[in-house]
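First the structure, in the form of structure tokens, and then the observations on it.
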Amino acid sequence: MRVLSQVAMVMNLDKCIGCHTCSVTCKQTWTNRTGTEYAWFNNVETRPGQGYPRGHEDQDRWKGGWRLDGRGRLVPRSGGRARRLARLFANPELPSLKDYYEPWTYDYDTLISAPLGDDLPTARPRSLIDGRPTDVTWGPNWDDDLGGGPEHLSADPVLKSMNERVRLEYEQAFMFHLPRICEHCLNPSCVAVCPSGALYKRIEDGIVLVDQDRCRGWRMCVSGCPYKKVYFNHSTGKAEKCTFCYPRIEAGEPTVCSETCVGRLRYLGVMLYDADKVGEAASVADEKDLYEAQLGCFLDPHDPEVVRAAEDSGIPHDWITAARRSPVRDLITTYRIALPLHPEYRTMPMVWYVPPLSPVVDALTRSGHDGEHPAPLFGAIDALRIPLEYLAGLFTAGDTAPVEAALCRLAAMRAHMRRVNLGEDRDPAIARGVGMDERGLEAMYRLLALAKYEERYVIPTTYVADGGAGGPHESGCSLEGDGGPGMYGTDGAGAFHASPVPAAAPAERSALRGRVNLLNWNGRGRPRGLFPDRSATGSAEG
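Residue numbers (this note's numbering): 122 to 663.
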């Protein structure tokens, strides 16, 4: 047993109102720099819908995540080393800017400076990339803007496989909101496919980061991530991604998206897991077994044997204590109402979701039934407008049983607490029907509805793991501030930038600190910095 710790997140989709506050605060904190105009480390998608970037779940097209080869071994969908090397300079499996969207602003100066006339001046959209007039045709929350219109709804990759079971008429489509960030997976495919080793998973807290000093801009990580949560900064020539707000986590504070969430739907906590089981769990033959296989990797922090193994691995006692109090562990393993996003990608994601139940209650109430009574409620769970098959396609690789079990526990909690709040006689059969007791239902209710700040976010302060020389502060993710490793200085507005190499002078030294910027190379000659300088080692250049 090799015990490691992971800071994980759970989001309760029943409480997300789609206000996008988390997206805006994340954008202001992490991606308000030059070259990241189109990057949204946190975005809120409307489901059903195509997501962001458009159609990112179609792995037959984008080749993200892992697959099993003929001998049952895990291999990246993007191919082995030879295939990736052959596509190092031309990777056709990358989303284009059209799949993300061309970021735009509006020509507000026209409104201010237009001369007096009979026509009302308008502010036309202009591209933030080249400043030219542009047409707005797509965006990070386009499905939300269109309210789930049929022409876009039918292109949902999850929905395509079940068109016969879902009615696509606009007025009968139910929508819910799905906030997405990097999954900080236990088995991250982005780390595996990076040619330069720039992506890494921190041993002390499991956060996946990009070392800006190592990144060479090959963008294999973009295609390798099945969630498409790695972005390319066209100004610096570097890959960037969600950092899980690691400076805040190190200080025992929640991520910015969690801190500012209006619906209080996010939970943060520590999970202990057996690292030796991850590869085996990700390699199970049947995709529908991946959910249970990942649950089998998680360890009980109350188990004395687990505690001894954790201490032998260098995990501090306060992290073990935090794992015992973790709301994430309760939602995932104790109550089993949180589910992983697309486990069939075999990356072992660590951002989990409580599926939405509200549509069942609303539908029953409109049909004249008591939407909170357990008998019709349990019977209607398999008749969701967004059917169980769709939720299972998102969270359990198509297996409806875990989704139905989670929704039944949520329904039982509502039915039980309704009796408690109305002073009616309690019915122990409600809890027994979902494999729980009354005390467990009330504890689950408190966590989902009444939990205070310190109960939703149980985050110990950072520690330096024994597994690496110098620990995390030496390697770092290089996004910690101006002048840090991998950074290039700021302009007057505080935006990071690097001066591009002029196309007419390929031999000139790049501003990327001794490296060559191949993005602007015209293909003639040999740019300085492309190969190591042999003269620096005392040997003559041949």
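All residues carry an ideal CB built from backbone N, CA and C; glycine is no exception.
From a predicted model like this one, the values you see are computed outputs, not experimental measurements.
How should ASN354 be labelled, buried or exposed, when 16 other C-beta atoms within 10 angstroms of its C-beta is the threshold for buried? Counting from one through the sequence shown, the residue named residue 354 turns up at place 233. Looking at its Cβ environment, which holds 16 or more other Cβ atoms inside 10 Å, ASN354 is buried.
Kindly confirm or deny that the region 126-143 and the region 381-392 touch, where touching means at least three C-beta pairs closer than 8 angstroms. A contact exists between the region 126-143 and the region 381-392.
Reduced DSSP secondary structure (H/G/I, E/B, other) of THR150: Numbered from 1 along the sequence shown, position 29 holds the residue referred to as residue 150. Helix.
In DSSP terms, what LYS322 is bridged to: Against the sequence shown, residue 322 aligns to sequence position 201. According to DSSP, LYS322 bridges with VAL329.
Meets three-Cβ-pair contact criterion under 8 angstroms: the region 162-176 and the region 427-442: no
On the criterion of 16 or more Cβ atoms from any shown chain inside 10 Å, does ARG467 qualify as buried, or is it exposed? Position 346 of the sequence shown holds residue 467. Classification of ARG467: buried, given that the 10 Å Cβ count is 16 or more.
Along the beta strand (DSSP E) that carries TYR388, what are the first and last residues, could you check? Walking along the sequence shown from the start, residue 388 turns up at place 267. In the DSSP assignment, TYR388 falls within the beta strand (DSSP E) that extends over 387-395.
Going by CA-CA distance only, name the one from PRO246, GLY252, TYR221 that's closest to TRP263. Position 142 of the sequence shown, counting from 1, holds the residue named residue 263. TRP263 has its Cα closest to that of TYR221, out of PRO246, GLY252, TYR221.
With respect to 7 angstroms, is the separation between the Cβ of GLU158 and the closest non-hydrogen atom of the ligand SAM below this value? The ligand SAM is not part of the structure shown, which contains no ligands of any sort.
Coil, strand or helix - ARG247 by DSSP: Within the sequence shown, the letter at position 126 stands for residue 247. Residue state, collapsed to three classes: strand.
Helix, strand or coil at ARG340 [DSSP, three-state]: For the purposes of this step, residue 340 is identified with residue 219 of the sequence shown, where counting begins at 1. Taken through DSSP and simplified to helix, strand or coil, ARG340 comes out as coil.
Looking at the strands, I want to know which residues DSSP matches up with GLN415. Numbered from its first residue, the sequence shown carries residue 415 at position 294. Paired residues: none, contrary to the question.
Please identify the residue among GLN415, VAL145, VAL343, TRP440 whose C-alpha is closest to the C-alpha of GLY390. Along the sequence shown, read from residue 1 onward, the residue named residue 390 stands at position 269. That would be TRP440, whose Cα lies nearest to the Cα of GLY390.
Any idea what DSSP makes of TRP225, helix, strand or coil? Residue 225 sits at position 104 when you count from the first residue of the sequence shown. TRP225: strand per DSSP, three-state reduction.
Closest by CA to ALA518, which one among ARG567, ASP410, GLY193? Position 397 of the sequence shown holds residue 518. When each option's Cα is compared against that of ALA518, the closest is ASP410.
Identify, in the order they occur along the chain, each residue of the same chain with its Cβ nearer than 7 angstroms to the Cβ of LEU478, setting aside the five sequence neighbours on each side. Within the sequence shown, numbered from 1, the residue matching residue 478 stands at position 357. Taken in chain order, the residues that qualify are ASP135, LEU528, LEU531, ALA532.
Which same chain residues end up closer than 7 angstroms to PRO523 when comparing Cβ atoms and leaving out the 5 residues on each side of it in sequence? Translated into the one-based positions of the sequence shown, residue 523 becomes position 402. Annotation for PRO523: TYR412, LEU460, THR517 place their beta carbon closer than 7 angstroms to its own, counting only its chain and skipping 5 residues before and after.
Roughly how many angstroms lie between the CA atoms of VAL128 and ASP326, to the nearest whole one? Within the sequence shown, residue 128 is the residue found at index 7, counting from 1. Within the sequence shown, residue 326 is the residue found at index 205, counting from 1. Going by the C-alpha atoms only, they are around 6 angstroms apart.
Quick check: what's the CA-CA separation for ILE324 versus LYS281? As a working mapping, residue 324 is identified with position 203 in the sequence shown. As a working mapping, residue 281 is identified with position 160 in the sequence shown. So the alpha carbons of these two residues sit roughly 39 angstroms apart.
Quick check on the DSSP output: the beta strand (DSSP E) that includes ARG129 runs from which residue to which? Within the sequence shown, the letter at position 8 stands for residue 129. Note on residue identity: the sequence assigns Ala, not Arg, to residue 129. Element bounds for ALA129: 124-133.
Start and end of the alpha helix (DSSP H) containing LEU512? If you number the sequence shown from 1, residue 512 lands on position 391. Element bounds for LEU512: 509-516.
Proximal residues to VAL329 (C-beta, below 6 angstroms), its chain only, five neighbours per side dropped: Taking the first residue of the sequence shown as position 1, residue 329 is located at position 208. Result list for VAL329: HIS305, PRO309, LYS322, in chain order.
Cβ pair ASP89, ARG123 closer than 8 angstroms: Beyond the ends of the chain as shown, which are 122 and 663, falls residue 89; an answer cannot be given.
Backbone secondary structure at ASN542 - three-state DSSP: Along the sequence shown, one-based indexing puts residue 542 at 421. The answer is helix: DSSP assigns ASN542 an H, G or I state.
Cutting at 8 angstroms between CB atoms, please list the residues of its own chain near LYS350, excluding the five before and the five after it. Looking up residue 350 in the sequence shown gives position 229. PHE162, ARG301, ILE302, CYS303, GLU304, LYS362, CYS363, listed in sequence order.
Quick check on this structure: which residue in THR231, TRP225, GLY238 has the alpha carbon closest to the alpha carbon of GLY252? As a position in the sequence shown, residue 252 is number 131, starting the count at 1. Of the listed residues, the one whose Cα sits closest to GLY252 is TRP225.
Can the beta-carbon of ALA406 be found closer than 8 angstroms to that of MET469? The count along the sequence shown starts at 1 and reaches residue 406 at position 285. The count along the sequence shown starts at 1 and reaches residue 469 at position 348. Their beta carbons are not under 8 angstroms apart, which means ALA406 does not touch MET469 by this criterion.
Where does the unbroken alpha helix (DSSP H) through TRP440 begin, and where does it stop? For this step, residue 440 is matched to residue 319 along the sequence shown. TRP440 -> alpha helix (DSSP H) spans 438-445.
Can you tell me whether ILE233 is buried or exposed, with buried defined as 16 or more other CB within 10 angstroms of its CB? In the sequence shown, counting from the first residue as 1, residue 233 sits at position 112. So ILE233 ends up on the exposed side.
If you scan the region 148-185 from start to end, which runs of the alpha helix (DSSP H) of 4 or more residues do you find wholly inside it? As far as the region 148-185 is concerned, its whole alpha helix (DSSP H) runs of at least 4 residues are 180-183.
Whole angstroms is fine: what's the gap from SER356's alpha carbon to THR155's? Position 235 of the sequence shown, counting from 1, holds the residue named residue 356. Position 34 of the sequence shown, counting from 1, holds the residue named residue 155. About 6 angstroms.
Just checking my contact of CYS342 with GLY185 at CB under 8 angstroms: how many whole Å lie between their CB atoms? One-based indexing of the sequence shown puts residue 342 at position 221. One-based indexing of the sequence shown puts residue 185 at position 64. The pair is not a contact, with the Cβ atoms about 10 angstroms apart (cut-off 8 angstroms).
Nearest-angstrom Cα distance between VAL279 and GLU576? Counting from one through the sequence shown, the residue named residue 279 turns up at place 158. Counting from one through the sequence shown, the residue named residue 576 turns up at place 455. A direct Cα-Cα distance of roughly 34 angstroms separates VAL279 from GLU576.
Measure from the alpha carbon of ALA443 to the alpha carbon of each residue in THR583, VAL541, PRO197, then state which is nearest. The residue given as residue 443 occupies position 322 in the sequence shown. It is THR583 whose Cα lies nearest to the Cα of ALA443.
Express the C-alpha separation of HIS537 and ASP548 in angstroms, rounding to a whole number. Position 427 of the sequence shown, counted from the start, is the residue given in the question as residue 548. Position 416 of the sequence shown, counted from the start, is the residue given in the question as residue 537. Spanning the two alpha carbons is a distance of roughly 7 angstroms.
Report back the beta-carbon spacing between ALA244 and ASP228 to the nearest angstrom; my notes put them in contact at under 8 angstroms. For the purposes of this step, residue 244 is taken as the residue at position 123 of the sequence shown. For the purposes of this step, residue 228 is taken as the residue at position 107 of the sequence shown. That pair is a contact at about 5 angstroms.
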